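For the sequence shown, the tail end lands on 371 under the numbering used here, and the numbers increase by one without skipping.
Just so you know, even glycine gets a beta-carbon here, dropped at the ideal spot from N, CA and C.
What you are looking at is a predicted structure, and each value in this text was computed from that prediction instead of being measured.
Report on the following structure.
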Amino acid sequence: MALPNLLFIDTNIWLDCYRARNDIGLQLLKRAEKVSEQIIITYQLESEFKKNRQTVIYESWRELKGPTTISRPGIFADAKAALVMARNLKEAEKRVKHLRARLIKALDNPAQHDPVYQVCQRLFQKTDDLTLTRDNPLRRRIRRAAYRRLLHGCPPGKRGDTSYGDAFNWEWMVHCAREKKMGLVIVSRDSDYGVTIEDKAYVNDHLRHEFSDRVSRKRTLALYPSLANALKSFDVPVSEKEEEAEKELLSVPTVPSMAAIYGETLDPNVYGKVPYANRAFSQGFINSLVDRIDWEALNKAQANWSARLSQVDWEALNNAQANWKTLSQVDWEALKKYSEKPTAATEKPQTQKATDEKKDEPK
9 MALPNLLFID
19 TNIWLDCYRA
29 RNDIGLQLLK
39 RAEKVSEQII
49 ITYQLESEFK
59 KNRQTVIYES
69 WRELKGPTTI
79 SRPGIFADAK
89 AALVMARNLK
99 EAEKRVKHLR
109 ARLIKALDNP
119 AQHDPVYQVC
129 QRLFQKTDDL
139 TLTRDNPLRR
149 RIRRAAYRRL
159 LHGCPPGKRG
169 DTSYGDAFNW
179 EWMVHCAREK
189 KMGLVIVSRD
199 SDYGVTIEDK
209 AYVNDHLRHE
219 FSDRVSRKRT
229 LALYPSLANA
239 LKSFDVPVSE
249 KEEEAEKELL
259 SVPTVPSMAA
269 IYGETLDPNV
279 YGKVPYANRA
289 FSQGFINSLV
299 DRIDWEALNK
309 AQANWSARLS
319 QVDWEALNNA
329 QANWKTLSQV
339 DWEALKKYSE
349 KPTAATEKPQ
359 TQKATDEKKD
369 EPK
């Protein structure tokens, strides 16, 4: 018998269905649909999913590339093995083109060609009292409460957030749990709701005590980073293959492709619009930046790098170091030196001035 709990699935978990290397994500989503009468939905959640869906599909489309051509030794160019290899490469390239075409169709007409979107849409459009829609009068009360949370700096949410999306979802979760007199299970891989250590998640203390005070001390609040494990707590059967596939997915950070982020570090226009440090800080890219970006490249004492890095809010990065131990891997002192180092443009007037002074000296 399933526990009398409600279920909230965070946006990144829905988007994981596109990041998975197989159809396991879609299978888990269909299993979650079996307990749809216990799933909490908000129009904010739907908006976040649809806002980021195209970006995730586009990243998959970019990473889906054909195999690299393998050179063949001239004396064995006509060998049977070489011919078979060339034929297999062409077949693989043909299949890649077919898959990329399917992704384009999913972007163009998701209601017809995107099975993940179809399942999500069925859940988003359910009409029970666990679904908060834009025409529900309760949305105003929930929105005001979420805005107060943002002003007071209460979780959930990342430091530096300027939107109350997470707070909005949380206020609706508490409302539903209180009205239904049920516990709550949250599936999220973000640090918004707590921390995860060795595949076990721990709910934020503030949220845990708040849930006890506002709902009931007898009701449980649980946090899972894995959708498969959360579904098992609702007595939904999950195969070992699905669990293993999700574990593989959990090892990959749920952020956009680092290729795009790394490209932005080379774009001088990025720093002119928004300080890159604050952007990485607020959107949760810091951990992945440390793991995937070649910081040694940032440490190169090149004039063009110095000019770009000097516009980064180093104070924000130094403050972030206190919150993420992973940032200790970066040589902040070196970065600060290079950010303070004058660029070629600023050095030129000094050189010209020294030359002029030398000309004015008596012979």
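query = Is it right to say residue 40 is buried, meaning 16 or more other beta carbons lie within 10 angstroms of its own, or is it exposed?
reply = By 1-based counting over the sequence shown, the position of residue 40 is 32. With 16 or more other Cβ atoms within 10 Å, it is buried.
ask   = Roughly how far, in whole angstroms, is the beta-carbon of residue 215 from the beta-carbon of residue 201, given that I think they are within contact range, below 8 Å?
value = Position 207 of the sequence shown holds residue 215. Position 193 of the sequence shown holds residue 201. About 6 Å separates the two Cβ atoms, so the contact holds.
request  = Could you give the DSSP three-state label for residue 26: helix, strand or coil?
outcome  = Residue mapping note: residue 26 aligns to position 18 of the sequence shown, counting from 1. Note: residue 26 maps to helix in three-state DSSP.
request  = If I'm right that residue 127 touches residue 38 with Cβ under 8 Å, what's the distance once you round it to whole angstroms?
outcome  = As a working note, residue 127 is residue 119 in the sequence shown. As a working note, residue 38 is residue 30 in the sequence shown. Yes, residue 127 and residue 38 are in contact; Cβ-Cβ is about 6 Å, under 8 Å.
query = Once you ignore the five residues that flank residue 112 on each side, which residues in its own chain have a CB closer than 8 Å to its CB?
reply = In the sequence shown, the residue the question calls residue 112 occupies position 104. So the qualifying residues of the chain are 69.
task = Leaving out five residues on either side along the sequence, give the residues of the same chain with a beta carbon under 8 Å from the beta carbon of residue 123.
result = Walking along the sequence shown from the start, residue 123 turns up at place 115. Counting only Cβ-Cβ distances below 8 Å, and skipping sequence neighbours, we find 34.
Buried/exposed call for residue 181, threshold 16 Cβ in 10 Å = In the sequence shown, counting from the first residue as 1, residue 181 sits at position 173. Buried.
Residues that DSSP places opposite residue 209 in a beta bridge = Locating residue 209 in the sequence shown gives position 201, counting from the first residue. According to DSSP, residue 209 bridges with 204.
task = Check residue 191 in the structure and name its three-state DSSP category.
result = Residue numbering aside, residue 191 sits at position 183 when the sequence shown is read from its first letter. In this structure, residue 191 counts as strand in the three-state DSSP scheme.
query = Applying the criterion that 16 or more other CB atoms from any shown protein chain within 10 Å of the CB defines a buried residue, is residue 1 buried or exposed?
reply = In this structure the chain extends from 9 to 371, so residue 1 is not present and cannot be described.
query = If you count every other CB in all the chains shown that lies within 10 Å of the CB of residue 256, and 16 or more means buried, which is it?
reply = Start at 1 with the first residue of the sequence shown, and residue 256 comes out as number 248. Exposed: under 16 other Cβ atoms inside 10 Å.
key: Buried/exposed call for residue 157, threshold 16 Cβ in 10 Å   = If you number the sequence shown from 1, residue 157 lands on position 149. Under this definition residue 157 is a buried residue.
ask   = Where does residue 50 sit, in a helix, a strand or coil, going by DSSP?
value = Locating residue 50 in the sequence shown gives position 42, where the first residue counts as 1. Strand.
inquiry  = Does residue 232 come out as helix, strand or coil in the three-state DSSP assignment?
reply    = Start at 1 with the first residue of the sequence shown, and residue 232 comes out as number 224. If DSSP states are grouped into helix, strand and coil, residue 232 belongs with the strands.
Strand pairing of residue 107, partner residues [DSSP] = As a first step, residue 107 is located in the sequence shown; it is residue number 99 there, counting from the start. The partner list for residue 107 (beta bridge, DSSP) is empty, contrary to what the question assumes.
inquiry  = If contact is defined by three or more beta carbon pairs under 8 Å, each pair taking one atom from either stretch, is the segment 57-75 in contact with the segment 91-111?
reply    = yes
Distance between beta carbons of residue 64 and residue 27, contact taken as under 8 Å = Position 19 of the sequence shown, counted from the start, is the residue given in the question as residue 27. Position 56 of the sequence shown, counted from the start, is the residue given in the question as residue 64. Residue 27 to residue 64, Cβ: 6 Å. Contact.
Inter-residue Cα distance where the pair is residue 50 and residue 21 = Stepping through the sequence shown from its first residue, residue 50 is reached at position 42. Stepping through the sequence shown from its first residue, residue 21 is reached at position 13. Each residue's Cα considered, the two are about 15 Å apart.
inquiry  = Less than 9 Å between CB atoms is the rule here; does residue 193 satisfy it with respect to chain C?
reply    = This model lacks chain C altogether, as it is built from one protein chain only.
message = Can you find the residues in the same chain that come closer than 7 Å, C-beta to C-beta, to residue 280, ignoring five residues on each side of it along the sequence?
response = Numbered from its first residue, the sequence shown carries residue 280 at position 272. With a pLDDT of 37 at residue 280, under the threshold of 50, the modelled position of that residue is not reliable, and the figure given next carries that caveat. Cβ neighbours of residue 280 beyond the five flanking positions: none.
ask   = To the nearest angstrom, how far is it from the Cα of residue 59 to the Cα of residue 167?
value = Residue mapping note: residue 59 aligns to position 51 of the sequence shown, counting from 1. Residue mapping note: residue 167 aligns to position 159 of the sequence shown, counting from 1. One C-alpha to the other measures close to 21 Å.
ask   = Considering residue 15, what are the terminal residues of the alpha helix (DSSP H) in which it resides?
value = Numbered from its first residue, the sequence shown carries residue 15 at position 7. Run containing residue 15: none in the alpha helix (DSSP H); it sits in the beta strand (DSSP E), 13-17.
query = Which class does residue 138 belong to by DSSP, given the choice of helix, strand or coil?
reply = If you number the sequence shown from 1, residue 138 lands on position 130. Note: residue 138 maps to coil in three-state DSSP.
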